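Only one structure is covered here, and it is reproduced in the block below.
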Amino acid sequence: MHYVVYTGIMKNITLSAQEEAIEKARQVATANHSTLNQMFRQWLATLAKQPEEVDTKKNLESLWLKTNYVRVGKKLSRDEMNQR
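Numbered according to the working numbering, the sequence shown spans residues 9 to 92.
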């Protein structure tokens with residue numbers, strides 16, 4: 009059995025979601041020997057550590073430039089897409 013000891017101040021929040029989604033999430037948590045509350049805390053901690061990506065379009069364009077993305081100006085056939 010695992011015990012978690014929190015050394016910081018915890019704040020309660022209220023969330024709303026569809027009942028079916030909550031039940032499925034509880035089942036996932038149980039399968040992972042966890043609780044929905046513990047999994048939410050882990051998710052929130054991970055989310056808080058990630059850098060903010062406010063301008064998605066700018067980030068996508070940057071990725072395209074790094075990967076030599078090109079626009080062909082028309083819809084390609086399957087054979088055209090597979091040509092090298």
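The beta-carbon is built from N, C-alpha and C at its ideal position, and this holds for glycine as well.
Quick caveat, the model's predicted, so the values are computed rather than measured.
To which residues of the same chain is residue i closer than 7 Å at the C-beta, ignoring the five residues directly before and after it?
i: Gly-81; result: none
Once DSSP output is grouped into helix, strand and coil, what is the label at residue i?
i: Thr-43; result: coil
i: Ala-25; result: coil
i: Ser-70; result: helix
i: Leu-52; result: helix
i: Lys-32; result: helix
Give me the Cβ distance between residue i and residue j, rounded to the nearest whole Å; I'm assuming they're in contact under 8 Å.
i: Arg-34; j: Leu-44; result: 5 Å
Near residue i, which residues of its chain fall below 8 Å by C-beta distance, leaving aside the five closest residues on each side in sequence?
i: Glu-27; result: none
i: Thr-54; result: none
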